[in-house]
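Here's the structure, in structure tokens; my notes come after.
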Amino acid sequence: MIKHDVLIVGAGLAGMRAAIECCEDLSVGLLTKVYPSRSHSGAAQGGIAAALGNSEDDSWEEHMFDTIKGGDYLNDQDAVEEYVKAAPRIIYELEHFGCVFSRMADGRIAQRSFGGHSKPRACFSADRTGHAILHALHEQLMKRGKEIRIYNEWYLHSLIVEEDQCHGVVVSNVKTGEVEIIQAKSVIFATGGYGRVFKITTNAYASTADGAIAAFNAGVPLEDPEFVQFHPSGLYRQGILFSEAARGEGGYLLNGKGERFMEAYAPARMELAPRDIVSRAEQSEIDAGRGWNGEGCIALDLRHLGEARIMERLPQIRQLGIDFIGVDCIKAPLPIQPSAHYSMGGIPTDMFGQVILNKDKAPLKGFFAAGECACVSVHGGNRLGTNSLLDATVFGERTGKSAAEHARSVGFGQINEGREKAGVLKQIEEIFQRTGTESYNDIRNTMKDTMMEQCGVFRDSGKLNECLKQIKLLQEKFKKGKVTDKGKVFNTELFEIIELGNMLKMAEIITVGALNREESRGGHYRTDFPKRDDDKFLNHTLVHKDGDQLKLDKKPVVITKYPPKERTY
Ligand SMILES: Cc1cc2nc3c(=O)[nH]c(=O)nc-3n(C[C@H](O)[C@H](O)[C@H](O)COP(=O)(O)OP(=O)(O)OC[C@H]3O[C@@H](n4cnc5c(N)ncnc54)[C@H](O)[C@@H]3O)c2cc1C
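Shown next as structure tokens:
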């Protein structure tokens with residue numbers, strides 16, 4: 006059996022930052038189903054927020070207020086305060102780690118505007134910020150190679166919990182197909198988001214809810230799953246992201262009549278209103294028949310920025326347009342549509358990354374989570390752009406620290422290795438034994454279509470009930486598929502099926518959360534309940550596993566400095 010003091014699952018920004026924090030005196034394992042540098046963090050484009058005040062005066066208080074207003078007051082304000090205060094230090098630390106940020110003429114780190122931020126606050130490396138940070142952290146890991154063992158292309162199946170303590174994980178080595186137990190005193194999940202549940206998404210293929218569902222299966226509730234962010238500028242029909250930085254640099258959004266329609270929805274902030282508001286505005290224009298070229302899309306027009314600025318600040322976006330649809334944004338607008346982008350909800354933690362089990366915040370000892378898979382909750386009902394790279398880095402560090410402290414204070418527990426392994430082997434064998442006629446590809450595509458249409462930007466009880474019915478039907482069909490590859494070595498078909506099972510569960514949890522929340526707040530919009538309802542719903546959703554059923558509970562929102570107000574832009 007493999008043993009580590011701390012085992013981290015996920016090697017994006019959150020997982021790598023956590024690893025750096027605990028490797029000084031402890032044995033650390035970092036396990037990831039894709040190579041660390043292929044984690045979705047590397048796709049982040051626009052920037053990372055911090056109130057450095059380099060372009061205009063700024064303060065952590067303003068960053069805090071913008072984040073809370075952006076989140077429609079569902080954020081836990083004590084956590085937001087810690088997080089925005091840590092931001093400037095985190096940026097300089099990343100810089101000293103070797104991350105190359107874009108500069109102003111005087112040499113200081115440049116900062117640009119982003120949706121919902123009242124000041125230019127986004128530090129960036131052209132439009133490849135995630136790439137720059139991810140590689141800087143990866144280098145730091147290489148430097149500490151002796152203390153950290155990286156398990157590349159290993160797959161997490163389940164969490165080992167006994168007597169209210171977490172003791173490790175059950176995993177597969179994808180290359181050999183062997184199922185293994187890794188025992189650990191502390192386990193950190195940093196497994197990212199689950200945008201792949203939806204048809205049109207900006208997310209990488211690996212963003213499939215594995216971590217969230219492994220936690221859920223082990224008895225941890227999921228918090229605020231109904232809050233899924235749709236990004237206003239995913240490539241039409243494909244979802245590939247054109248960063249909000251394009252609008253931060255001054256890009257326009259145009260409808261089919263050539264109008265800058267945001268005037269009608271958020272006159273003060275226009276294209277730089279928060280994402281939930283811009284996505285709804287776009288979808289409203291499309292639904293009213295005012296799409297660009299009469300199609301289901303909107304135009305992102307950058308032509309007026311000029312070639313020099315586009316080449317300096319947005320080179321990747323330009324290349325993506327050319328590579329994927331043959332459109333050069335220097336000469337023509339890009340067709341875009343709202344695309345599933347970010348999960349505000351996830352595995353509930355306190356502000357030290359400790360996973361909690363219920364509304365009374367009882368800890369599941371030895372189990373921690375950070376980054377997009379976690380819900381601290383600093384983003385509330387809607388995350389502001391550039392706040393997620395910051396979340397992953399700040400809480401990666403804090404969670405690494407907590408996990409290390411825990412690991413130093415306890416010994417290895419007792420685990421029933423045979424039973425844990427047998428559970429996963431049985432699940433795999435059961436998939437191999439299926440002889441049904443259902444196609445997993447059809448099930449996956451129908452799930453994505455259903456979630457996009459019935460549980461997307463605009464929701465209502467009719468659509469959501471229909472969605473839930475369809476997802477349950479798909480869960481039944483899922484049991485009647487057939488595998489073609491029954492081999493052990495690099496059996497990607499098997500792992501894709503397991504991922505699909507996780508996504509079907511996640512889809513159900515998102516939909517049940519959305520049905521329950523009879524109000525509109527942040528990224529969750531109910532056309533049958535178009536107003537925010539603080540009397541009934543100023544609380545976090547907790548979705549618990551109850552046998553095969555789901556059970557809902559509420560957790561209070563922590564409000565410290567900013568009582569809820571009407572949210573206008
Ligand atoms: C296209 C795009 C652009 C973005 N741009 C920005 C931006 O400019 N600014 C910003 O603040 N935010 C941005 N975001 C959001 C931000 O990038 C992510 O929220 C953040 O990077 C998530 O980091 P993470 O470390 O939590 O997870 P990820 O980087 O997603 O990493 C997840 C890790 O978990 C591992 N994993 C998952 N499941 C398993 C399993 N079963 N077994 C083993 N390993 C597993 C994966 O291998 C991977 O290493 C963007 C997101 C996208 C999709």
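Residue numbering for the sequence shown follows our numbering, starting at 6 and increasing by one per position.
Yeah, the Cβ is synthetic: ideal placement off N, Cα and C, and Gly gets one too.
Keep in mind the model is a prediction, meaning the values are calculated, not measured.
- For residue 551, the number of other beta carbons within 10 angstroms of its own is below 16, and it is reported as exposed.
- When DSSP states are grouped into helix, strand and coil, residue 289 belongs to the helix group.
- Taking residue 438 as reference, the option from 287, 386 and 488 with the minimal CA-CA separation is 488.
- Where residue 136 is concerned, there is no enclosing beta strand (DSSP E), although the alpha helix (DSSP H) around it starts and stops at 134 to 148.
- In this structure, the CA atom of residue 490 is about 23 Å from the CA atom of residue 201.
- Here the distance from the Cβ of residue 41 to the nearest heavy atom of ligand 1 is below 7 Å.
- At least one heavy atom of ligand 1 lies less than 7 Å from the C-beta of residue 50.
- Counting along the chain, residue 374 sits inside the beta strand (DSSP E) bounded by residues 368 to 374.
- Bounds of any beta strand (DSSP E) do not take in residue 444, whose DSSP letter is neither H nor E.
- Between the C-alpha atoms of residue 496 and residue 60 there is a straight-line separation of about 51 Å.
- Rounded to whole angstroms, the separation of the alpha carbons of residue 222 and residue 479 is 19 Å.
- Residues 460, 469, 472, 473 and 476 of the same chain have their beta carbon placed closer than 7 Å to that of residue 516, with the five preceding and five following residues left out of the count.
- Per DSSP, reduced to three states, the secondary structure at residue 67 is helical.
- Taking C-beta atoms as the reference points, residue 297 and residue 246 fail to come closer than 8 Å.
- Classified as exposed, residue 554 has fewer than 16 neighbouring CB atoms from the shown chains inside 10 Å of its CB.
- Note on the segment 20 to 99: whole beta strand (DSSP E) runs with a minimum of 3 residues are 33 to 37, in chain order.
- The Cβ-Cβ distance between residue 426 and residue 175 falls below 8 Å.
- For residue 239, the uninterrupted beta strand (DSSP E) run begins and ends at 233 to 240, by DSSP.
- In the three-state reduction of the DSSP assignment, residue 486 falls in the strand class, which pools E and B.
- Beta-bridge annotation (DSSP): residue 531 is paired with 464 and 534.
- A Cβ-Cβ separation of about 16 Å leaves residue 195 out of contact with residue 48 under the 8 Å criterion.
- With contacts defined by Cβ atoms closer than 8 Å, residue 508 and residue 110 do not form a contacting pair.
- With respect to the 8 Å criterion, residue 358 and residue 227 are not classified as neighbours on the basis of their beta carbons.
- A distance criterion of 7 Å places the beta-carbon of residue 377 in contact range of ligand 1, judged by its closest non-hydrogen atom.
- Rounded to whole angstroms, the Cβ separation of residue 135 and residue 188 is 32 Å, and the two are not in contact under 8 Å.
- Residue side-chain check: residue 16 places its Cβ nearer than 7 Å to a non-hydrogen atom of ligand 1.
- DSSP places residue 254 in the coil class of the three-state scheme, outside both helix and strand.
- The beta carbon of residue 113 sits closer than 6 Å to the beta carbons of 59 from its chain, once the five residues preceding and following it are set aside; these are given in chain order.
- When beta bridges are read from the DSSP output, residue 341 appears opposite 240 and 303.
- For the 8 Å CB-CB criterion, residue 128 and residue 52 form a contact.
- With contact defined as three or more Cβ pairs closer than 8 Å, the segment 269 to 285 and the segment 525 to 534 are in contact.
- Assignment of residue 558 by DSSP, reduced to helix, strand and coil, places it in the strand class.
- Taken through DSSP and simplified to helix, strand or coil, residue 226 comes out as coil.
- In this model, residue 44 and residue 157 are separated by some 11 Å (Cα to Cα).
- Distances taken from the Cβ of residue 143 to the heavy atoms of ligand 1 include none shorter than 7 Å.
- In the same chain as residue 334, and ignoring 5 residues on each side of it, the C-beta atoms closer than 7 Å to its own belong to 307, 315, 322, 323 and 326, in chain order.
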